[in-house]
Structure formats: C-alpha cells, structure tokens
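Numbering (the numbering used here), first residue to last: 2 to 662. The C-beta atom is built at its ideal place from N, Cα and C for all residues, glycine as well.
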C-alpha cells in the first residue's frame with residue numbers, strides 16, 4: 002500500500018513539473034530539450050516513489066495504531082503491542098520483571114481474541130490512493146499540451162532563422178578554409194595561409210551562434226574588405242595587373258606543372274598500367290562487351306543446370322580465343338583470359354566464371370588508368386612547345402623550367418655550337434616580344450641575349466636563372482591572387498546568404514576587375530548560366546531588392562560612393578528578387594533598362610508639341626534646339642558609356658526631312 006502511494010505521488014509530482022515546463026516552453030523561448038528531459042523524469046519520479054514505499058520500514062506500533070483506526074478497536078492493538086514490546090525489552094535486558102497480572106495481561110488477551118475473527122483485507126485493502134486521479138489528469142493535460150505549437154513572435158522567428166543561416170555559413174567557411182589551407186601549404190602561398198587563418202577564425206565565430214545578423218554582416222564585411230585590399234595591392238603591380246588581364250581574356254593562362262613534371266607522371270602511370278603497349282579506349286570497350294557476352298553465356302549454363310551443348314561450347318571457346326588475342330600484351334588481363342581458356346578446356350565452369358570476373362576488374366582498373374593517361378596527354382598538348390608560346394599562354398612555371406633548361410645548356414661546361422647559340426638567341430628573341438606583361442623578365446631576357454652575343458656564357462646563364470626566378474615569383478603571386486579570389490567568392494556568398502536569410506543565390510566566381518559584377522575581362526563567367534541576368538559571352542549582374550541599402554554599418558563599401566551603380570550594368574525589374582531587409586534599411590531599385598549600345602528611352606522635352614506640315618520657322622526652331630542640345634552635350638558631363646546613345650538620339654531626325662513641300 003505504501004509503495005503504491007509513493008509511486009502515485011511520484012507520478013503526480015513529475016506530471017506537475019512537466020506541465021509547468023511545457024507551459025513555459027509554449028509562451029517563453031526556452032530550449033525544447035527541457036521539455037523532453039523533464040518528460041523523461043516523470044516515470045523516473047514514479048519509480049522513485051515506488052522504491053521509497055518499498056524500502057521504508059514500518060513500525061509495529063504504527064501498524065497496530067493504523068489497524069485500531071480502521072476497525073475502531075479504541076487502541077486495543079496499539080496498547081497490546083506497546084505492553085508486549087516493553088515486556089520483551091525487559092526480558093532481553095534482564096531488568097524487567099515480566100508482564101504483571103492484571104490490566105496489561107487482559108489488554109493483550111483481548112487484542113488476541115479480536116484478531117481471531119479479523120479480516121486483514123478489510124484492514125489493508127489493495128487500492129490506489131485518491132491522488133491517482135489527479136496524477137492521471139496532470140499526465141493527460143501535459144501530453145496534450147506537448148503537441149501544441151509554441152507561440153513565438155515574428156522577431157524571434159527571424160532571429161532563429163538568422164542564427165541557423167549564420168551557423169550554416171560558418172560551417173561552410175570552415176570547410177572552405179580547410180580546402181584552401183591544403184592548397185596554400187602545398188604551393189607555399191604565404192599570403193593565402195594568413196587569409197585562410199582569418200577565414201577559419203571567422204567561420205568558427207559564425208558557427209558558434211553567438212553573433213546576430215548585424216554583427217555577422219559586419220565581421221564578414223571586414224574580412225571581405227581586408228582580402229579585397231590585399232588583392233588590390235597585388236594588382237597595383239603593373240606586371241601582375243597585365244598578367245591577370247591576359248589570363249582573364251585568354252582563358253588559357255594557367256601556370257600549371259611543367260612538361261617535365263607531366264612527363265614523369267605519365268611514365269609512372271604507364272608503368273602502373275603494366276602493358277607492353279598502350280591500348281585504346283575502343284579496344285577496351287570491345288573487350289568489355291565480349292566479356293559481358295561470355296559471362297551471360299556462363300550464367301545461362303549455370304542457371305539451367307544442364308551441360309552446355311557442343312555448339313555453345315564451340316561459340317564460347319571461339320569468344321575466349323578472340324578476347325585472348327585482343328588482350329595480347331595487356332598484362333594481368335591477358336593472364337586471366339588465358340587462365341579462363343585453360344579452365345574451359347577442362348570444363349571447369351566455376352573457375353572460368355571466376356577468371357572472367359577477375360578480368361572484368363582488371364579491365365575497369367585499366368580503363369581508369371588509361372583515362373588518366375589521356376588526360377595528362379591532353380594537358381601536355383596544351384603546354385607551349387617553346388618559350389615564346391609558353392609566355393604567350395601565360396604558363397609561367399613551364400616557362401621558368403624552359404629557361405633553366407636553356408641555362409643548363411649554356412653552363413654545362415661545354416660551349417654550345419654556333420647553331421645551338423643561334424637557335425637559343427632566336428627563341429629568346431621571340432620570347433622577348435611576349436615578355437611585356439611579365440615586368441622585369443623582358444629586361445633579363447634582353448640581358449641574356451646581349452651576353453650570348455658577347456660570348457659571355459656565365460653571365461647569360463645567370464640572367465636566364467634570374468628570369469626563371471622572377472617568373473616563379475610571379476606565378477606564386479598569381480596563385481595567391483587566385484586563392485584569395487576563391488575565398489572572397491565564398492565570403493560574398495556567405496554575405497549574400499546572411500543578408501537574405503538564406504534565400505539569396507550564390508554569386509559567380511570573383512573577378513579582380515569587376516568585383517563579381519561581370520566585365521569584359523571575365524567574359525561573363527561571373528554570371529551563372531541559366532539564371533536571370535546571366536548570358537554567355539557577356540557580363541551581367543543580378544540586382545536583388547533589399548540586398549543593397551543605405552545602412553552604413555552593414556552595406557557601405559570603402560572607397561565607393563553610395564550612389565555608385567557601376568556603369569554598364571543592366572538590370573530589369575523582372576530580375577529583382579523579393580527578400581526581407583532590415584527595418585532601418587532603405588532599399589533602392591534600378592527601374593527600367595539602360596546599357597551601353599542599347600536603345601535610348603524617350604525623354605520629354607519642354608515646349609510645344611506641334612504636329613502637321615513643317616514650315617521654315619519650325620525648321621529654324623528645330624535647328625536652334627539642335628544647336629542648344631549640342632551645346633548642352635558639350636557643357637554637361639555625360640558618362641562615357643551613354644554618350645554615343647545620347648548623340649544618336651538627338652541626331653535621329655535629319656534636317657531635310659523636316660522641310661515641307
């Protein structure tokens with residue numbers, strides 16, 4: 002009985018506590034884990050009350066007193082138990098004189114007689130205490146309220162959404178930093194390593210979820226400005242600026258591995274291929290089809306459970322023989338096919354199937370290696386064949402290796418022949434014409450040519466070594482710029498996501514000349530294909546309403562006027578996306594479409610609008626208006642991008658057409 006009471010009270014207390022926590026969760030922004038945690042405590046509280054009731058010892062006198070109260074014996078049981086306990090204690094201690102005759106013995110005997118006809122189930126009935134109804138009611142109400150959605154204000158929901166977006170972008174920046182760190186350390190890019198550390202720290206701050214939307218935007222903007230400033234400092238060098246423009250326009254100027262490095266990789270793959278001759282993809286595809294046909298024939302024979310007929314055996318034997326001939330010189334593939342032929346001659350179908358499976362695996366592995374070989378050969382074909390072609394394509398590392406190769410020929414200890422010197426000077430002369438974007442490299446090449454003409458081979462070798470070192474330095478700086486450009490792209494994507502609460506699209510790749518807007522240098526590669534505002538072969542920029550505002554803390558870009566809308570950027574009203582913006586921000590929108598070379602919209606001019614036949618006076622008035630407009634064009638500053646369009650607009654009505662008959 003006491004155990005049931007304890008369990009019921011435990012459930013009631015746990016249910017009340019759970020109900021209070023659920024009500025707090027509905028009306029106040031407390032973590033939902035509190036609701037689940039307290040809900041799990043309800044059965045624990047019931048079990049705790051049950052254990053308390055079972056483990057608590059009950060005194061005999063208290064039990065007798067409870068029986069007196071239940072039956073109405075007027076303390077007979079409790080008095081008898083008291084007298085018996087006192088008599089027993091005296092007998093144990095040796096100080097008692099035993100139960101005295103008289104009233105005490107009569108009380109004990111009377112209590113004993115009462116127990117003869119006593120029904121203990123009436124005294125201690127097994128039933129739930131009265132509190133169980135309230136416990137069940139509290140549990141039912143708590144379970145019902147657990148399914149009620151919590152009440153949250155619009156501001157709180159937006160803050161939660163911002164927090165989730167900020168955490169996601171922080172994790173994305175950390176992943177981006179990990180990828181860029183591997184690339185930067187492999188290429189020994191010092192500036193990129195520092196930028197990667199800043200990017201990782203920012204990602205950790207954002208992922209912690211301790212900053213709000215405004216603070217997150219400020220921190221991202223600060224790092225964007227820092228990286229952009231470093232990139233602009235690099236572009237301040239004329240050589241790097243010209244190289245970046247050349248690579249952006251040509252799309253082929255990538256300072257990749259040299260021809261020697263690619264050749265070493267190619268030889269390694271050919272050794273791993275393990276064939277006497279390099280197969281073709283058509284040959285491997287034909288073998289793949291033949292293997293599939295042979296496996297299908299074997300599977301049909303195994304599933305039927307009957308021996309193969311003579312025609313089937315002859316066809317399969319001929320197919321295996323053809324495959325073995327086609328795989329001649331292909332290493333392990335040839336060995337597996339020969340083993341399959343030998344097993345088939347013994348009619349060991351299981352071993353034939355196993356050998357064919359091994360041949361399929363070898364064929365797939367060979368196909369992967371052959372694809373890698375063909376890719377390396379394609380990369381080698383893209384490399385310049387000589388120094389001028391390498392410089393023309395912007396392949397600085399291969400050009401540096403070529404210069405070192407020429408320097409070794411000069412300083413090998415044996416004087417080159419006149420023919421070799423003539424070829425070397427001719428190559429350097431052609432390379433000199435392509436060295437203009439490379440800064441001091443042209444002067445070094447000119448110095449090397451002069452030294453070769455003066456037969457000063459040691460000085461010529463040193464000049465070529467210096468030119469190679471300068472090219473490697475430029476290549477490293479270009480890789481630094483590209484790495485920072487990728488990090489800037491990730492930061493601006495995160496900035497756009499945070500500003501639009503996760504609704505903004507990703508930006509295109511970062512361009513150091515237009516900042517991701519789209520220009521002739523990047524040839525529209527920054528505009529996503531298939532999206533609004535993107536088109537092949539031209540720059541574009543998608544303006545989203547609310548992303549740009551006049552809030553200086555969030556959106557101001559150092560060095561740029563707030564009203565600067567970048568010349569040449571065309572935006573239509575259909576391309577404006579709806580996103581939420583801060584209440585304190587004032588969005589601006591570019592209405593209409595106006596771009597260089599496009600049609601000029603109609604501009605209403607002051608004065609009378611006259612229709613009908615023209616007269617001499619009207620013609621004179623038009624001429625005066627045209628002269629005044631021309632003077633206005635000369636006086637008023639008109640952007641270069643719109644001068645041709647405006648001039649065409651005012652010149653579209655010739656004078657002779659205005660004169661009537």
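How many Å lie between residue i and residue j at the Cα?
{"i": "residue 236", "j": "residue 27", "result": "57 Å"}
{"i": "residue 273", "j": "residue 466", "result": "35 Å"}
{"i": "residue 429", "j": "residue 470", "result": "16 Å"}
{"i": "residue 368", "j": "residue 321", "result": "20 Å"}
{"i": "residue 625", "j": "residue 503", "result": "57 Å"}
{"i": "residue 282", "j": "residue 308", "result": "36 Å"}
{"i": "residue 221", "j": "residue 185", "result": "21 Å"}
{"i": "residue 166", "j": "residue 44", "result": "37 Å"}
{"i": "residue 498", "j": "residue 176", "result": "16 Å"}
{"i": "residue 262", "j": "residue 396", "result": "14 Å"}
{"i": "residue 5", "j": "residue 46", "result": "13 Å"}
{"i": "residue 351", "j": "residue 305", "result": "14 Å"}
{"i": "residue 144", "j": "residue 361", "result": "60 Å"}
{"i": "residue 417", "j": "residue 193", "result": "43 Å"}
{"i": "residue 425", "j": "residue 493", "result": "48 Å"}
{"i": "residue 315", "j": "residue 277", "result": "30 Å"}
{"i": "residue 206", "j": "residue 170", "result": "11 Å"}
I'd like to check one pair, residue j with residue i: are the Cβ atoms closer than 7 Å?
{"i": "residue 464", "j": "residue 174", "result": "no"}
{"i": "residue 147", "j": "residue 23", "result": "yes"}
{"i": "residue 472", "j": "residue 400", "result": "yes"}
{"i": "residue 436", "j": "residue 446", "result": "yes"}
{"i": "residue 139", "j": "residue 20", "result": "yes"}
{"i": "residue 178", "j": "residue 13", "result": "no"}
{"i": "residue 370", "j": "residue 288", "result": "no"}
{"i": "residue 38", "j": "residue 7", "result": "no"}
{"i": "residue 449", "j": "residue 392", "result": "no"}
{"i": "residue 398", "j": "residue 476", "result": "yes"}
{"i": "residue 202", "j": "residue 168", "result": "no"}
{"i": "residue 325", "j": "residue 312", "result": "no"}
{"i": "residue 32", "j": "residue 157", "result": "no"}
{"i": "residue 164", "j": "residue 210", "result": "yes"}
{"i": "residue 388", "j": "residue 403", "result": "yes"}
{"i": "residue 10", "j": "residue 50", "result": "yes"}
{"i": "residue 442", "j": "residue 461", "result": "no"}
{"i": "residue 299", "j": "residue 346", "result": "no"}
What would DSSP say about residue i, mapped onto helix, strand or coil?
{"i": "residue 4", "result": "helix"}
{"i": "residue 386", "result": "coil"}
{"i": "residue 31", "result": "coil"}
{"i": "residue 331", "result": "coil"}
{"i": "residue 490", "result": "helix"}
{"i": "residue 439", "result": "helix"}
{"i": "residue 81", "result": "helix"}
{"i": "residue 157", "result": "helix"}
{"i": "residue 132", "result": "coil"}
{"i": "residue 173", "result": "helix"}
{"i": "residue 394", "result": "coil"}
{"i": "residue 399", "result": "helix"}
{"i": "residue 168", "result": "helix"}
{"i": "residue 10", "result": "helix"}
{"i": "residue 148", "result": "coil"}
{"i": "residue 412", "result": "coil"}
{"i": "residue 370", "result": "helix"}
{"i": "residue 456", "result": "coil"}
{"i": "residue 316", "result": "helix"}
{"i": "residue 309", "result": "coil"}
{"i": "residue 44", "result": "helix"}
{"i": "residue 16", "result": "helix"}
Consider the C-beta atom of residue i and the heavy atoms of the ligand MN; say whether any pair is separated by less than 6 Å.
{"i": "residue 157", "result": "Annotation note on the ligand MN: not contained in the displayed structure, which lists no ligands."}
Check whether the Cβ of residue i lies closer than 7 Å to any Cβ atom in chain D.
{"i": "residue 160", "result": "Of the protein chains in the structure, only one exists, and it is not chain D."}
Exercise. Between the segment 465-484 and the segment 415-424, do at least 3 Cβ pairs fall closer than 8 Å?
Worked result: Contact fails: fewer than three Cβ-Cβ distances are below 8 Å.
Exercise. Can you give, in chain order, each stretch of the alpha helix (DSSP H) that sits fully within the segment 258-289 and has at least 4 residues?
Worked result: Entirely contained in the segment 258-289, the alpha helix (DSSP H) runs reaching 4 residues are, in chain order, 260-274.
Exercise. Given 8 Å as the limit, is there contact between the segment 285-302 and the segment 395-413, that is, 3 or more CB pairs closer than that?
Worked result: Touching, no.
Exercise. Between the segment 375-395 and the segment 315-332, do at least 3 Cβ pairs fall closer than 8 Å?
Worked result: Counting Cβ pairs under 8 Å, fewer than three are found: no touch.
Problem set entry | Contained alpha helix (DSSP H) runs [length at least 4] in the segment 189-235, N- to C-terminal order | DSSP assignment within the segment 189-235 yields the following whole alpha helix (DSSP H) runs of 4 residues or more, N-terminal first: 191-208.
Problem set entry | At least 3 beta-carbon pairs within less than 8 Å: the segment 190-200 vs the segment 209-223 | Using a C-beta cut-off of 8 Å, the segment 190-200 makes no contact with the segment 209-223, since fewer than three inter-stretch Cβ pairs fall below that distance.
For this session: Taking 8 Å as the threshold, find out whether the segment 218-234 comes into contact with the segment 485-494 through three or more Cβ pairs.
Result: Taking a contact to require three or more Cβ pairs closer than 8 Å, the segment 218-234 and the segment 485-494 qualify as touching.
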